[in-house]
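Position 27 of the sequence shown, counted from 1, bears residue number 315 in my numbering, the numbering being contiguous throughout.
Think of the CB as a built atom: it goes at the ideal place given N, C-alpha and C, for glycine as much as any other residue.
This structure is a prediction, so every number in the text was calculated from the model and none was measured.
What follows is a short report on a single structure.
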Amino acid sequence: MPSQLTAWRRLAKEGKLVLPAVEIDEPVFAPLVLRDEIAAASEPELPCAEAPIRIVWGSVVIELAQDAPVSRIAEIVHALEAHPC
């Protein structure tokens, strides 16, 4: 109902629609964990420069050369998203 929505908006603007804060006896913090050794972060595995760009759409798989223009990739994705006639 529009009148109910208007009333809620008015109450919210007047600060009367706010829920009371929950009182907590003590502060809540995340536990701190210290470690002597830090494992070396592994390097992310990068794709091979010769690997094709692969677009998988359901049962359709399209592979393009690494140097395919971004505009061509966008055209293909747009065509895949188009609704069939």
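In DSSP terms, what L352 is bridged to: For L352, which the question treats as bridged, DSSP gives the partners I341.
>> How far does the alpha helix (DSSP H) with I361 in it extend, from its first residue to its last?
In response: Per DSSP, the unbroken alpha helix (DSSP H) holding I361 starts and ends at V358 to E369.
Subject >> Sequence-distant residues of the same chain with beta carbon closer than 8 Å to A353, five excluded per side >> reply: Residues of the same chain with a CB within less than 8 Å of the CB of A353, apart from the 5 flanking positions on each side, are P340 and I341 in chain order.
message: Considering only the alpha carbon of each residue, which of S291, V365, R360 and A356 lies closest to V348?
response: If we check each option's Cα against that of V348, V365 comes out closest.
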